[in-house]
Structure formats: C-alpha cells, structure tokens
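Contents: one structure, followed by commentary.
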Amino acid sequence: MKNSVMLNRHAELPLNKDKANLFLEIMMAITVFLFAVALSGYFLVDTVVNKWNQNIAGSLTVQIMPSETELTEDEANLRLNKVITFFENRPNVSKVVLVSEQQMQQLMSPWLGADTDITDLPMPKLLDVYLENENFDYEKTAAELKELAPYASIDDHRIWLHRLLELAASVKTVAVSVLLMILAVCVLSIFYATCTSLGIYKDIIAILHIMGAQDGYIAKQYARRGFVIGLFSGVVGLLLALLSFRFLAYMSADMEQGLIGNLSLTAANWLALCSLPPITACISMATAYYAVTKTLRKIM
Amino acid sequence: MPINKAISEEPIVDIQNVSIRYGSNPEVLSDIKLSLARGSFHFLTGKSGAGKTSLLSLMYLALKPSLGTVTVFGTNVGFASRDTMALMRRRIGVVFQDFRLLEHLSAYDNVAVPLRIRGMDEAEISKRVKELLHWVELDTSMDKICSTLSGGEKQRVAIARAVINRPDMLLADEPTGNVDDDIAQKLMKLFIELNRLGTTVVIATHSQELINAYNYPRIHLENKGLKIFPALRRVISNEK
Ligand SMILES: Nc1ncnc2c1ncn2[C@@H]1O[C@H](COP(=O)(O)OP(=O)(O)OP(=O)(O)O)[C@@H](O)[C@H]1O
Ligand SMILES: [Mg+2]
Numbered sequence: 045m046k047n048s049v050m051l052n053r054h055a056e057l058p059l060n061k062d063k064a065n066l067f068l069e070i071m072m073a074i075t076v077f078l079f080a081v082a083l084s085g086y087f088l089v090d091t092v093v094n095k096w097n098q099n100i101a102g103s104l105t106v107q108i109m110p111s112e113t114e115l116t117e118d119e120a121n122l123r124l125n126k127v128i129t130f131f132e133n134r135p136n137v138s139k140v141v142l143v144s145e146q147q148m149q150q151l152m153s154p155w156l157g158a159d160t161d162i163t164d165l166p167m168p169k170l171l172d173v174y175l176e177n178e179n180f181d182y183e184k185t186a187a188e189l190k191e192l193a194p195y196a197s198i199d200d201h202r203i204w205l206h207r208l209l210e211l212a213a214s215v216k217t218v219a220v221s222v223l224l225m226i227l228a229v230c231v232l233s234i235f236y237a238t239c240t241s242l243g244i245y246k247d248i249i250a251i252l253h254i255m256g257a258q259d260g261y262i263a264k265q266y267a268r269r270g271f272v273i274g275l276f277s278g279v280v281g282l283l284l285a286l287l288s289f290r291f292l293a294y295m296s297a298d299m300e301q302g303l304i305g306n307l308s309l310t311a312a313n314w315l316a317l318c319s320l321p322p323i324t325a326c327i328s329m330a331t332a333y334y335a336v337t338k339t340l341r342k343i344m
Numbered sequence: 007m008p009i010n011k012a013i014s015e016e017p018i019v020d021i022q023n024v025s026i027r028y029g030s031n032p033e034v035l036s037d038i039k040l041s042l043a044r045g046s047f048h049f050l051t052g053k054s055g056a057g058k059t060s061l062l063s064l065m066y067l068a069l070k071p072s073l074g075t076v077t078v079f080g081t082n083v084g085f086a087s088r089d090t091m092a093l094m095r096r097r098i099g100v101v102f103q104d105f106r107l108l109e110h111l112s113a114y115d116n117v118a119v120p121l122r123i124r125g126m127d128e129a130e131i132s133k134r135v136k137e138l139l140h141w142v143e144l145d146t147s148m149d150k151i152c153s154t155l156s157g158g159e160k161q162r163v164a165i166a167r168a169v170i171n172r173p174d175m176l177l178a179d180e181p182t183g184n185v186d187d188d189i190a191q192k193l194m195k196l197f198i199e200l201n202r203l204g205t206t207v208v209i210a211t212h213s214q215e216l217i218n219a220y221n222y223p224r225i226h227l228e229n230k231g232l233k234i235f236p237a238l239r240r241v242i243s244n245e246k
C-alpha cells in the first residue's frame, strides 16, 4: 500500500505488485539492522579506546612498598615525600596525587570485603602521576627512581593499554569488513532482483521500447521502486537496531562502569546511524538504475 | 506537420535485399526490396503466415533483418545507436495485431504512454488523450483497466495509442479486425486524415472488403517475395 502511494500511480511497469518487493524489503531491513549494529559496535570501541587513551595514557601509577622494619610517622612521611618530590620535579609531569586511604579501601574491597579496616595492614602507598604530554621518558625515570628509592616502582599502563589498543583496532577492522560485506550483499541482491524483474516484465519493456522509450525511462521506474524500498527497509532496520540497543542497555544496566565506563554514542554517531535509511535508499536507487541500463543493453 | 520538400523526395522506408528468418527456420521473406514514399498509403496483404507482421516489425525497428539493409527516415537501422533508434521509434505509431496493451493500466494511461515517454506534462497529456478517446468513442471506458475491455474496445485503445503522437509513419496490423463496420469506417477515416496530414501509412489486412472500399496501392506477400499492386481505380479527385 505504501508503495502504491509513493510509486508513480500510472507507472507502466507494475513494480509495486512485484513479488520480489517483500524479499527485498526483508533482506534490506536485515541488512540495515546488521549495518547499524556493526556501525554502533565500531563507534563504541572507538569511544572506549579514546577514553582509555585519555584516562590512562596520560598517567602512571607509582607503588611505594611498605617498609620491612617499623618506622616512625616522620620517617614514613619522609620516605613518601622523597618520591613525591622526585616526580614533581621531573619534566613533563603535571600533577602528583597520593591515593587516599579511602580510595585504597575502595580498591581493595572486592578482595578484602567492605568492612575490613586496612589502616592496620601493611599496604603499599599509591601515587597517581599525571603527565603533561607524550614526551615523558619512562626508562630514564625508572632507572633514577631505582637509585633514589628502591622501595618505589613505576606501574606502567602502556603495556597492557597497547595490547588493548591492538585488540580494539582488530575489532574495528572486523567491524569495517562486516560493513563492507553487508553493503556488497545488499547491492548484489538489488542487482539480481532487478535483473529478474526485467525478465518478468520483458514484454512490457519491449512495448515501451517500441514506443520509443530509452533505457533510462525504464530505469527510472526501477530506481523509484529501489528508493522507496530502500527507505522503508532502512527505517525498519534502524528501528529494529534501536530496539535491540535498548534491550541491551536494559540487560546490562547492572554491569556498566568499570573498564568500559558509561557506554554511549555521541551526537555524531547518532547522526550517522540516522543517515542509514536515506543512504540505503540512495544506494538501492542507484543500483537498480545501473542494473537496468546495463542489463537492457545486453538482453534487448 | 510541415513536409520539407527536399526530404520528401527521400523514401521514408527503404528496404534493400532484405531476408528475414527466425533462428534456423527457413526464410520467411527472401531478398525483398521495398521503398515507401513519404505520405504514401499502402495496404499490406498476404496469406496467414506470409510475413506481414514480420515485415511491419522490420519497419518499426523491433526486428533486425538476417540479410540486407533497412533505412528508416534516412537512417540505416543497422548502424543506428540505441538512443537514435529510440528517437526514431517515437516517430512511428504501431497498432499490433494482438494489441499489446498494458493490461494492468487504464485505457487512458495506455494511450498516454507515448506522451509520457516524450516527457510531456500531464495537463497537456490529459487534454490530448481525452480528446482522442472521445473521438474513438471510448469516453465512458476511459478509466477502465484494459484487461476488462472488450476486443473492439482494446483495438480502439491500441489505435489511439498509435496515433496520439501524430506519428510520421503509422504501421497497423489488422486494425479493423475486431470492430463493427461503422467503427471500422471511422477508424479508416482517422488513418486517411492522418495520411492527409503527412503520415505515411501501412495497413496489414485480410479484408478484401476494406481493400475494395478504399482505393490504395497494395503490397502483397507471396512465396517469400513481394509484389506491389497499384490502386485499383483512380483516386477520386476530391479525395486527394
Ligand atoms: N518470433 C517468431 N519466432 C519464430 N517464428 C516466427 C516468429 N514470428 C513469426 N514467425 C514465423 O514467421 C512466419 C511469418 O509470420 P508473420 O507473423 O509475419 O505472418 P503474418 O503474415 O503476419 O500472418 P497472420 O496473417 O496470421 O498474422 C510464420 O511462419 C511464423 O511462424
Ligand atoms: Mg500477422
């Protein structure tokens, strides 16, 4: 019904009654759904990686082991301040922050339970060192720190971050290949459905040719159908994808946070997702047009 | 449709040494020659299976000869591009023996097809189509879907579709086979009127009556060949 309204009412080719329409609509709705999911996956990985980069690449953690012998408070503070001053005076360091007992407690609670008082335990002290830029020299700093305070060590995030970034990059590559394959499937289906349809309506097309229609005249009717089907399926596929996102969000409402942080798409991401239906419509339109002009040249 | 004198010397259709065969079947027509002057009017006769429809489809560019050259409107069809052929076809009106209407469309939309192909605007199309459908007495059937029309009604739709463009050449295959005598006469009058305005007309028919009633030369197909018989009697002076 929607087709008969939107397609040219008196189009010579009865494409709005074509049996292939339903097939194309279902196929393309699924295509757009998968496309939206793969694209969102890509966006999310991108967001997460950026967050890691921002949060972690710009900082390092320094661990100060508890002394093996009993120390007075002054001695302990001296021991700590030596390291803090060392980092504060390094080039490219913006800020050194001591991780508070409270934060330590929070960090340890999964292992020790929330009620355990850690002040009595021989806990290491942690420093968060924030870096100004990429030029921080890890090796040199580590070596000098070893000289000055062998009880302190740098916990370098770069190694595991590097691995995660590599993983993220391959996830992105997979997402892009999936996108390309989906696109190829979509284009091929439209192409062959159009060719089949040309065979079905070859008598009508022959009449149109005899009355002086150029291939473009016929191709336009297919292109119009392609556009309508593409737009319709695009909207359906996108809605399905949004529904399943909501479902996922609902299911994962309890997890969240932690490593990945708050998963969400940016405005630009949403814009890209919402442009899927019109883009699908245009691809489908162009493919149908191309299929007609190319095929008619060959068969008639 | 003003006729350029210089061009009118040139035949509108020129068929030289043409043979037609379908696949590997024996030839239907063999080594024929035919030249139609602009503004001429011919009947086309021959037994069933003699090749009338084949000869006409050669002229409306739907069939390529297996041998020989076909020149239409001064263009050698063998060398014409796809787009040139399309533009040439717009100058030819065809009435098919089996009508070949677009069955799912209304009578109105069928007649409108050649105009839509030309990209004419709908207001002008509406005016022209309604006028012509009125003339062939189909006003009341205008919006009926073609598959529901009677044979005679279909035939009139087919003829209206062929002439709506005021073609330079009209090729009609048994155009009066399914209609009452008075409608047949009216349709013949339409063809004659078009011819008077400059359209070259060829009408394939089995009807000896029609041939006798109208005084035009006759192309006769027999034994794979072609003969032309002149008009039976002098053209009545006031008719020309
Ligand atoms: N598409 C085709 N494929 C194969 N053979 C064909 C085809 N069209 C016509 N023929 C053959 O060519 C011969 C001439 O056919 P054609 O239709 O031109 O005859 P016709 O003079 O129009 O006959 P009728 O008066 O019955 O319409 C016939 O023997 C027919 O079987
Ligand atoms: Mg015939």
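Protein chains in written order, with the numbering used here: chain X, 45 to 344; chain C, 7 to 246. The beta carbon of each residue, even a glycine, is placed where N, CA and C say it ideally should be.
Q) Closer than 6 Å: is that where the CB of Y28 of chain C sits relative to any heavy atom of ligand 1? A) Working through the second sequence from its first residue, we reach residue 28 of chain C at position 22. Yes.
(Q) Check whether the stretch 277 to 285 of chain X and the stretch 22 to 40 of chain C touch, using three or more Cβ-Cβ pairs below 8 Å as the test. (A) no
Q) Who pairs with A196 of chain X in a beta bridge, going by DSSP? A) Taking the first residue of the first sequence as 1, we reach residue 196 of chain X at position 152. Answer is X:I108, bridged to A196 of chain X.
Q: Kindly provide the ranges of any alpha helix (DSSP H) runs that are 4 or more residues long and lie completely inside the stretch 14 to 98 of chain C, ordered along the chain.
A: With a minimum length of 4 residues, the continuous alpha helix (DSSP H) runs that stay inside the stretch 14 to 98 of chain C are 58 to 65 and 88 to 95.
Q: Measure from the C-beta of Y28 of chain C to each C-beta in chain X and report whether the shortest distance is under 7 Å.
A: Position 22 of the second sequence, counting from 1, holds the residue named residue 28 of chain C. No, Y28 of chain C lies away from the interface with chain X (no Cβ there is under 7 Å from its Cβ).
Q. So what does DSSP say about T324 of chain X, is it helix, strand or coil?
A. By 1-based counting over the first sequence, the position of residue 324 of chain X is 280. Helix at T324 of chain X.
(Q) Let me make sure I understand the geometry here. Which of X:L205, X:G256, X:N179 and X:S308 has the alpha-carbon closest to that of R88 of chain C? (A) For the purposes of this step, residue 88 of chain C is taken as the residue at position 82 of the second sequence. For the residues X:L205, X:G256, X:N179 and X:S308, the minimum Cα distance to R88 of chain C belongs to X:G256.
(Q) Just to confirm, is the Cβ distance from L315 of chain X to D259 of chain X under 7 Å? (A) Counted from its first residue, the first sequence places residue 315 of chain X at position 271. Counted from its first residue, the first sequence places residue 259 of chain X at position 215. No, the pair does not count as a contact, with Cβ atoms beyond the cut-off.
Q: Check G231 of chain C in the structure and name its three-state DSSP category.
A: Counting from 1 along the second sequence, the entry for residue 231 of chain C is found at position 225. Of the three classes helix, strand and coil, the one that applies to G231 of chain C here is strand, per DSSP.
Q | Cβ separation of I170 of chain C and V101 of chain C, assumed to be a contact under 8 Å, to the nearest whole Å | A | Mapped onto the second sequence, residue 170 of chain C falls at position 164. Mapped onto the second sequence, residue 101 of chain C falls at position 95. Their Cβ separation, rounded to whole angstroms, is 12 Å, which puts I170 of chain C and V101 of chain C out of contact at 8 Å.
(Q) Distance check for K169 of chain X and P194 of chain X, CA to CA, integer angstroms please. (A) One-based indexing of the first sequence puts residue 194 of chain X at position 150. One-based indexing of the first sequence puts residue 169 of chain X at position 125. C-alpha separation (whole angstroms): 14 Å.
Q.
Can you determine whether any heavy atom of ligand 2 sits closer than 6 Å to the C-beta of T146 of chain C, and answer yes or no?
A. Looking up residue 146 of chain C in the second sequence gives position 140. Result no, Cβ not under 6 Å from ligand 2.
Q) Hey, would you say V76 of chain X sits closer than 7 Å to L292 of chain X, going by beta carbons? A) The residue given as residue 76 of chain X occupies position 32 in the first sequence. The residue given as residue 292 of chain X occupies position 248 in the first sequence. No, Cβ-Cβ distance for V76 of chain X and L292 of chain X is not below 7 Å.
Q. Quick one: any contact between the stretch 211 to 231 of chain X and the stretch 86 to 98 of chain X, if contact means 3 or more CB pairs under 8 Å?
A. yes
Q | Beta bridge counterpart(s) of I151 of chain C as assigned by DSSP | A | Here residue 151 of chain C refers to the residue found at position 145 of the second sequence. Answer is C:S112, bridged to I151 of chain C.
Q: Give a yes or no on whether 7 Å exceeds the smallest Cβ distance from G85 of chain X to chain C.
A: Translated into the one-based positions of the first sequence, residue 85 of chain X becomes position 41. With 7 Å as the cut-off, G85 of chain X does not count as an interface residue toward chain C.
(Q) Taking a contact to mean a Cβ-Cβ separation below 7 Å, would you say V258 of chain C touches F47 of chain C in this structure? (A) Because chain C spans 7 through 246 in this model, residue 258 of chain C falls outside it and cannot be assessed.
(Q) I need the straight-line Cα distance from E245 of chain C to E180 of chain C, nearest angstrom please. (A) Reading the second sequence from its first residue, position 239 is the one you call residue 245 of chain C. Reading the second sequence from its first residue, position 174 is the one you call residue 180 of chain C. Its pLDDT being 42, under 50, E245 of chain C is placed unreliably in this model, and the value from its coordinates should be taken loosely. If you take the alpha carbons of E245 of chain C and E180 of chain C, they lie about 23 Å apart.
Q. With which residues is D145 of chain C paired in a DSSP beta bridge?
A. For the purposes of this step, residue 145 of chain C is taken as residue 139 along the second sequence, with counting starting at 1. DSSP output for D145 of chain C lists no bridge partner at all.
Q: Find the nearest neighbour of I18 of chain C within the set C:L40, C:R27, C:E159 and C:R202, judged by alpha-carbon distance.
A: Here residue 18 of chain C refers to the residue found at position 12 when the second sequence is read from its first residue. It is C:L40.
Q) Which chain C residues sit within Cβ distance under 9 Å of P58 of chain X? A) Position 14 of the first sequence, counted from the start, is the residue given in the question as residue 58 of chain X. Under the 9 Å cutoff, chain C gives L108, H110 and L111.
**Q.** 7 Å CB neighbourhood of D145 of chain C in its chain, flanking five on each side removed
**A.** Along the second sequence, one-based indexing puts residue 145 of chain C at 139. The residues L139, in chain order, have a CB closer than 7 Å to that of D145 of chain C in the same chain once the five nearest residues on each side in sequence are set aside.
Q: Taking only the alpha-carbon atoms, compute the straight-line gap between P71 of chain C and A237 of chain X and give it to the nearest angstrom.
A: Within the second sequence, numbered from 1, the residue matching residue 71 of chain C stands at position 65. Within the first sequence, numbered from 1, the residue matching residue 237 of chain X stands at position 193. Take the alpha-carbon of P71 of chain C and the one of A237 of chain X: they are about 33 Å apart.
(Q) What does the alpha-carbon distance come out to for the pair L211 of chain X and T91 of chain X? (A) Residue 211 of chain X sits at position 167 when you count from the first residue of the first sequence. Residue 91 of chain X sits at position 47 when you count from the first residue of the first sequence. So the alpha carbons of these two residues sit roughly 14 Å apart.
Q | CA nearest to the CA of T324 of chain X, picked from X:V231, X:Y294 and X:L209 | A | As a first step, residue 324 of chain X is located in the first sequence; it is residue number 280 there, counting from the start. Nearest of X:V231, X:Y294 and X:L209 to T324 of chain X, Cα basis: X:V231.
Q. On the three-state DSSP scale, how would you describe L151 of chain X?
A. In the first sequence, counting from the first residue as 1, residue 151 of chain X sits at position 107. L151 of chain X falls in the helix class under three-state DSSP.
Q) Closest to A196 of chain X by CA distance: which of X:L317, X:A80 and X:I108 is it? A) As a working mapping, residue 196 of chain X is identified with position 152 in the first sequence. Closest by alpha carbon: X:I108.
Q. Which word fits W96 of chain X, buried or exposed, when buried means at least 16 other C-beta atoms lie within 10 angstroms of its C-beta?
A. To locate residue 96 of chain X, count along the first sequence from 1; it is residue 52. So W96 of chain X counts as buried.
Q.
Beta-carbon within less than 7 Å of F235 of chain C's beta-carbon, same chain only, minus the 5 sequence neighbours each way: which residues are those?
A. Residue mapping note: residue 235 of chain C aligns to position 229 of the second sequence, counting from 1. Excluding positions up to five away in sequence, the list reads P223, R224 and H226.
Q) Mind listing which residues of the stretch 82 to 95 of chain C have their C-beta closer than 9 Å to chain X's C-betas, in chain order? A) Answer set for the stretch 82 to 95 of chain C: R88, D89, M91, A92, L93, M94 and R95.
Q: For D159 of chain X, count neighbouring C-beta atoms within 10 Å of its own C-beta (all shown protein chains included) and say buried if the count is 16 or more, exposed if not.
A: On the first sequence, residue 159 of chain X is found 115 positions in, with the first residue counted as 1. Its Cβ having fewer than 16 others within 10 Å, D159 of chain X is exposed.
Q.
Among the candidates X:T331, X:Y245 and X:E183, whose CA atom is the shortest distance from the CA of K63 of chain X?
A. Along the first sequence, one-based indexing puts residue 63 of chain X at 19. Checked all of X:T331, X:Y245 and X:E183; the closest Cα to K63 of chain X is X:Y245.
(Q) Using a Cβ-Cβ cutoff of 9 Å, what residues of the stretch 234 to 258 of chain X are near chain C? List them in chain order. (A) D247, I248, A250, I251, L252, H253, I254, M255, G256, A257 and Q258
Q.
Against chain C, does H54 of chain X count as a neighbour if the rule is that its beta carbon must be under 7 Å from one of theirs?
A. For the purposes of this step, residue 54 of chain X is taken as the residue at position 10 of the first sequence. Closer than 7 Å: yes.
Q.
Just verifying my parser: in three-state terms, what is the DSSP assignment at S138 of chain X?
A. Along the first sequence, read from residue 1 onward, the residue named residue 138 of chain X stands at position 94. S138 of chain X falls in the strand class under three-state DSSP.
Q | For E69 of chain X and V272 of chain X, the rounded distance between their alpha carbons | A | The residue labelled residue 272 of chain X in the question sits at position 228 within the first sequence. The residue labelled residue 69 of chain X in the question sits at position 25 within the first sequence. Computed Cα separation, rounded: 10 Å.
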